[in-house]
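As structure tokens, the structure follows; a few thoughts come after it.
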Amino acid sequence: MAASATASRPLAGAYVPLPLPARGQPSRVALLPRAPPAVQGLTLDRPAQLSVRARGRSVRCLAGLSPDMRATLDKVVGSNKVVLFMKGTKDFPQCGFSHTVVQILRSLDVPFETLDVLANEALRQGLKEYSSWPTFPQLYIDGEFFGGCDITVDCRVDEHAAPSEHLLV
């Protein structure tokens, strides 16, 4: 009998949630809707020629970007076929996501250039506005923003095409 009486009472020091008083739903702050970035992918127009189905770049974010920084970034992304803005260098990545993208590009024998965003805070902030993408790494192909680590990995393991077709240069 003592065992059943003990079982119905909470243990000493145990947290027992109490019912909340009846009150309305907490007021929520209305947030602007965030549309996910348009899906993009790489296609081969001809053998060994790569094109990007580009998504439109957000004009609202470019308004805060200085003309000098925009011109510099246009020049950098346009000067090489594949450019990776990452944390660290391709030989010494400082971030697991950057390391993953480097390994994917290396496994496909893709020649690429890298820039370390940790070495220049203005570059890092400018790129976030330039691409409308808040995280790194950022991969650019043929002067167009392709995506970050998750998009690169998704293209690498896409079942509809051989992996080498996605990032073949």
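Here the sequence shown is numbered in the UniProt record's numbering, starting from 1 and rising by one per residue. All C-beta atoms in this analysis are idealised placements derived from N, C-alpha and C, irrespective of residue type, glycine included.
Note that the C-beta distance between F85 and P134 is not below 8 Å. Taking A71 as the centre and dropping the five residues before and after it, the same chain places no C-beta closer than 7 Å to its C-beta. Here S98 has L84, M86, K87, G88, F136, P137 and C149 as same chain residues with Cβ atoms under 8 Å from its own Cβ, once five neighbours each way along the sequence are excluded.
In its chain, beyond the 5 residues on either side, V102 and T114 have a beta carbon closer than 6 Å to the beta carbon of K90. In the same chain as Q94, and ignoring 5 residues on each side of it, the C-beta atoms closer than 7 Å to its own belong to K87, G88 and L118, in chain order.
For S131 and N120, the gap between their C-alpha atoms comes out near 17 Å.
DSSP places D116 in the uninterrupted beta strand (DSSP E) bounded by E113 to D116.
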